[in-house]
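Take a look at the structure below.
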Amino acid sequence: MSFEKALAQLKAQNARKPKPPAPPPPKERKEATVDAFRHFTHVFSQAVYGAAYGDPKGYTEYLDPSPTNADLGRALRAALAASRFITPDHPEWDAVVRPPTADEIRARENDLKRRAGVKTNKALYNGVGSVAVTLRDGQIELRPLRYLGRGAWEGIRGHEPIRLPESVSDTELGDAVTAAIEISRNS
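The sequence shown runs 18 to 204 under our numbering.
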């Protein structure tokens with residue numbers, strides 16, 4: 018039997034097999050991130066579907082390096098409110114749900130370095146703390162992240178996420194974020 022004939026047989030067999038059902042869409046949620054640099058605190062929203070992506074139309078705020086808990090909680094709540102759940106049939110799907118290009122990453126880091134008044138990424142990321150925040154089913158989850166270098170972050174082994182009800186006050190939310198930032202910085 019020739020290769021072409023065998024290939025045609027396999028294709029015919031696969032065409033007759035029933036296709037598995039599509040997986041269910043992920044649960045709707047909202048996400049934001051708090052990056053606490055030495056010179057300022059950056060709070061921003063994200064567009065989400067399966068993963069979280071930078072949202073060009075999202076919320077971003079730059080606060081003092083040590084903002085009050087009420088200000089931090091208020092900014093984070095605004096970022097969560099601005100977060101968008103983008104489905105594959107959304108008109109902006111292709112523009113938003115994609116990894117950033119190298120030029121976009123470089124431009125973002127250059128903007129952060131300019132705001133911090135530093136010249137290198139090493140100086141920018143020295144002493145940084147980051148917290149990933151998710152709002153789902155009326156519950157806010159704070160996950161402190163550990164900086165790996167070169168703009169990469171990972172979860173911290175041994176630290177469970179901090180869970181709060183959505184109805185928590187801005188001051189209590191800011192207090193929990195401040196505690197998570199300290200965990201991130203000290204890991």
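Beta carbons are placed, not taken as given, at the ideal position from N, Cα and C, and that holds for glycine.
Practice problem: Please say whether residue 178 and residue 159 have beta carbons closer to each other than 8 Å? | Solution: The count along the sequence shown starts at 1 and reaches residue 159 at position 142. The count along the sequence shown starts at 1 and reaches residue 178 at position 161. Cβ atoms of residue 159 and residue 178: closer than 8 Å.
Practice problem: For my contact list, residue 92 and residue 60 are in at a C-beta cut-off of 8 Å; report their separation, rounded to the angstrom. | Solution: Taking the sequence shown and counting its residues from 1, one reaches residue 92 at position 75. Taking the sequence shown and counting its residues from 1, one reaches residue 60 at position 43. At roughly 4 Å, the Cβ-Cβ gap stays under 8 Å, so residue 92 and residue 60 are in contact.
Quiz prompt | C-alpha distance - residue 71 paired with residue 50, whole-angstrom precision | solution = If you number the sequence shown from 1, residue 71 lands on position 54. If you number the sequence shown from 1, residue 50 lands on position 33. Cα-Cα distance, rounded: 10 Å.
Quiz prompt | Contact check, residue 65 vs residue 100, beta carbons under 8 Å | solution = Taking the sequence shown and counting its residues from 1, the one referred to as residue 65 is at position 48. Taking the sequence shown and counting its residues from 1, the one referred to as residue 100 is at position 83. Yes, the Cβ-Cβ distance between residue 65 and residue 100 is below 8 Å.
Quiz item: Taking residue 98 as the reference, which of 155, 27, 29 and 165 has the closest Cα?
Solution: Mapped onto the sequence shown, residue 98 falls at position 81. Nearest C-alpha to residue 98: 155.
Practice problem: Let me know the alpha helix (DSSP H) ranges lying completely inside the segment 63-108, each 4 residues or longer, listed in chain order. | Solution: If only complete runs of 4 or more residues are kept, the segment 63-108 shows the alpha helix (DSSP H) at 86-99, in order along the chain.
Self-check item: Given residue 167 as reference, the closest of 192, 189, 180 and 141 once Cα atoms are compared
Solution: As a first step, residue 167 must be located in the sequence shown, where it is residue number 150. Of 192, 189, 180 and 141, the residue nearest in Cα terms is 141.
Quiz item: Helix, strand or coil: which one does DSSP assign to residue 171?
Solution: Taking the sequence shown and counting its residues from 1, the one referred to as residue 171 is at position 154. Residue 171 falls in the strand class under three-state DSSP.
Quiz item: Which residues in the same chain have their Cβ closer than 6 Å to the Cβ of residue 53, if we skip the five residues on either side of it in sequence?
Solution: Along the sequence shown, read from residue 1 onward, the residue named residue 53 stands at position 36. Excluding sequence neighbours, residue 53 sits near 146 and 198.
Exercise. Identify, in the order they occur along the chain, each residue of the same chain with its Cβ nearer than 7 Å to the Cβ of residue 165, setting aside the five sequence neighbours on each side.
Key: Position 148 of the sequence shown, counted from the first residue, corresponds to residue 165. Once the five neighbours on either side are set aside, the close Cβ partners of residue 165 are 171.
Quiz item: What's the gap between the Cα of residue 203 and the Cα of residue 36?
Solution: In the sequence shown, the residue the question calls residue 203 occupies position 186. In the sequence shown, the residue the question calls residue 36 occupies position 19. So the two alpha carbons sit approximately 49 Å from each other.
Practice problem: Give the straight-line distance between the Cα atoms of residue 95 and residue 137, rounded to the nearest whole angstrom. | Solution: Position 78 of the sequence shown, counted from the start, is the residue given in the question as residue 95. Position 120 of the sequence shown, counted from the start, is the residue given in the question as residue 137. About 30 Å.
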